Amino acid sequence: MLFGLRRQQRPAVPAVASEVSAAADDDAALIARARAGDLDAFNGLVARHERAVYGVCLRYLRSPEAAEDAAQDTFIRAWRALDTFRNDNGDGFRSWLLTIAANRARDMLRSNVRRPADSLDARLDDEEQTWEPEAPDEAPLDFAARDELGAHLERALGQISPDQRLAIILGDIHGHSYDEIAAITGVAIGTVKSRINRGRARLRELLLADSTARELFNRSGRQESDEGRG
Amino acid sequence: MDDADNDIQRRSNGAPDGGDRATLWQGEHLHPEGLSEYLDGAGLLRASERDAVRAHLADCAECRAVLSDLQAVVASLAALPLPALPRSFALTPDMLEARDLPQQLEVGQKPIDMLATAAWRRRQIALTRYASVVAAVLLVLVFGIDLLTGGSENADQAAFNVPEAFQQTSSSAPAPPQEPGERNAAPAEGDATPPATEDAPAASAEPTPAAAAGAAEDAAATEATDDVALSTAPDEDKDGKEPSTTPADEVTVAPSTDAQRSEPDMLRLLQFGLALGLAWLLAALVLLPRISPRR
Chain A
1 MLFGLRRQQR
11 PAVPAVASEV
21 SAAADDDAAL
31 IARARAGDLD
41 AFNGLVARHE
51 RAVYGVCLRY
61 LRSPEAAEDA
71 AQDTFIRAWR
81 ALDTFRNDNG
91 DGFRSWLLTI
101 AANRARDMLR
111 SNVRRPADSL
121 DARLDDEEQT
131 WEPEAPDEAP
141 LDFAARDELG
151 AHLERALGQI
161 SPDQRLAIIL
171 GDIHGHSYDE
181 IAAITGVAIG
191 TVKSRINRGR
201 ARLRELLLAD
211 STARELFNRS
221 GRQESDEGRG
Chain B
1 MDDADNDIQR
11 RSNGAPDGGD
21 RATLWQGEHL
31 HPEGLSEYLD
41 GAGLLRASER
51 DAVRAHLADC
61 AECRAVLSDL
71 QAVVASLAAL
81 PLPALPRSFA
91 LTPDMLEARD
101 LPQQLEVGQK
111 PIDMLATAAW
121 RRRQIALTRY
131 ASVVAAVLLV
141 LVFGIDLLTG
151 GSENADQAAF
161 NVPEAFQQTS
171 SSAPAPPQEP
181 GERNAAPAEG
191 DATPPATEDA
201 PAASAEPTPA
211 AAAGAAEDAA
221 ATEATDDVAL
231 STAPDEDKDG
241 KEPSTTPADE
251 VTVAPSTDAQ
261 RSEPDMLRLL
271 QFGLALGLAW
281 LLAALVLLPR
291 ISPRR
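Those protein sequence lines, which keep their order, are chains A and B.
Heads up: the first sequence at position 36 corresponds to 36 in this note's numbering, and the numbers run straight through without jumps.
Heads up: the second sequence at position 115 corresponds to 115 in this note's numbering, and the numbers run straight through without jumps.
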């Protein structure tokens, strides 16, 4: 039942992708105006893509503050480098933004590794409670996961390797194609596939390792296979 | 059927985990990574592989469970909502200025120019920082030496007849050598110090802090004309602190004439050198921002 609901919501993500292509014309017009120095036009582009950019940064970096910095930096860099975006029909502007964001976020994560005390995952080890969406005053990641399994999944995402996480965020959460992910992350398609496959397998293991998550997971999995047959 | 399975197994064993290809089989069963790839649909696995996977899934409940797990993972990932924005990321003009980079590129300007500009600015900022430190140190040295020489010069003039060589080096010294007290009382503080002339040692011991400050100011003013308008603020600061110590120094230092005759000369030279360096640095600091990265 729970899963059936989610199943219906599923088109929401591909819808994001198709929304992008449908909005490509609008992007193109805004890009042209922004290139001429129109900051308002550029802010129109920001409004259009900021949720996606921030969402990728947040899920990748696991820290709202860091994600905010990365997202803001991304748009400032994008404004300065607007002329390097060559696609005049506005196609792939979001991918281009995400390329900048991924670079920035990776840099931040690297520098954060040197100060593990600042990273959310380090805090996670000490005080797991802060992660639980059930503690809303403390929850550092307000993902607003719609159900418990989603919350466990968010947590598991923090435990897979950053490369796998980024590939999964872009592919399975944001619905980008392997080609786009390869372009955004700057690796070969084969590497993207392998990261996604390994990441998913690892997520499954992590969910099964937690008893609560396993129960939720098994329930939804059984429903899924029942649905598949029906 | 078995043949096909073995064929695939051999191939996937040939390219173990390290490769780009997902491991398709894990012993008798399908590997979760391979199933994940199978999940992503046609085109990713070869036709023979796909058929083999399908055939195995039909027989093996365990692998079907893994596949449905993975389907659940993918579906749950797709259902995760986009996080709410903490704020708008719209750019404001000061946001762009704050980064000390050109606000916008002219149309057609190559991105490499922008990168070069950014790198240049960074280098310039670092350079300016170092130059400022050096300039600050030089400034302290120049005024410190100025005060030292100014103090001993004063004592020298008050206690004895001023040596000719010394008079020549201090280029803008206004007074002829015969009246030591006159120089002491010259431009800055004629009203502050009574013209004490006849008893030179007494004059050197006498000066009040105010008079000494005036004397130092006098020397500083001389220096200022020499060194092309160094800022006057710092020497006022110095003068405020200095006077309490100078009078005592003058008394003790005064008697040794010969040593002082050559020493201030050297100090003067050093001072000139430092002043020149300082002037160069200031010029460099002013000029640097105007030099374009494009040669």
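Built from N, CA and C at the ideal position, the CB exists for glycine as well.
Because the structure is a prediction, the values reported are computed rather than measured.
| Check | Outcome |
| --- | --- |
| So, are the CB atoms of A/E68 and B/P83 less than 8 Å apart? | no |
| How is B/L30 classed by DSSP in three states: helix, strand or coil? | strand |
| Taking the straight line between their C-alpha atoms, what separation do you get for B/L270 and B/D146? | 10 Å |
| Exposed or buried, A/L97, counting other C-beta atoms within 10 Å across all chains shown (16 or more means buried)? | buried |
| Who are A/W79's beta bridge partners in DSSP? | The partner list for A/W79 (beta bridge, DSSP) is empty, contrary to what the question assumes. |
| List the residues of chain A whose Cβ lies closer than 7 Å to the Cβ of B/D59, in chain order. | Going along chain A, no residue has its Cβ under 7 Å from B/D59, so there is no contact; the nearest lies around 15 Å. |
| Should A/A34 and A/C57 be called a contact, given that it needs their Cβ atoms to be closer than 8 Å? | no |
| With B/P32 and A/A209 assumed to form a contact (beta carbons below 8 Å), what rounded beta-carbon distance in angstroms separates them? | With a Cβ gap of about 14 Å, B/P32 and A/A209 do not count as contacting. |
| Return the first residue and the last residue of the alpha helix (DSSP H) that B/A84 is part of. | Per DSSP, B/A84 belongs to no alpha helix (DSSP H) and is neither H nor E. |
| Which chain A residues sit within Cβ distance under 8 Å of B/L270? | Near B/L270 there are no residues of chain A at all, since even the closest Cβ is about 46 Å away, more than 8 Å. |
| If I measure Cβ to Cβ from A/F217 and keep anything under 7 Å in the same chain, skipping five residues before and after, which residues do I get? | L149, L207, L208 |
| Is any beta-carbon of chain B found at less than 8 Å from that of A/W79? | yes |
| With a cut-off of 8 Å, does the C-beta of B/E28 fall near any C-beta of chain A? | no |
| On a Cα-Cα basis, can you pick out the residue from B/A284, B/V142, B/R123, B/Q124 that is closest to B/F272? | B/V142 |
| Can you grab the Cα-Cα spacing for the pair A/A277 / B/P93, in whole Å? | It is not possible to answer for residue 277 of chain A, since the shown part of chain A is limited to 1 through 230. |
| Let me see if you follow: with CB-CB separation under 8 Å, is B/A52 close to chain A or not? | no |
| Buried or exposed: B/W25, going by 16 or more other Cβ atoms within 10 Å of its Cβ? | buried |
| Assuming B/C63 is part of the alpha helix (DSSP H), what are its boundary residues? | 61-79 |
| Using 8 Å as the limit for Cβ to Cβ distance, is A/E148 near chain B? | no |
| Quick check: the Cα distance between A/R94 and A/E65, rounded to an integer number of angstroms? | 22 Å |
| Strictly under 8 Å for the Cβ-Cβ distance: is B/D94 near chain A by that measure? | no |
| Using the rule of at least 16 other Cβ atoms within 10 Å of the residue's Cβ for burial, across every protein chain shown, is A/T185 buried or exposed? | buried |
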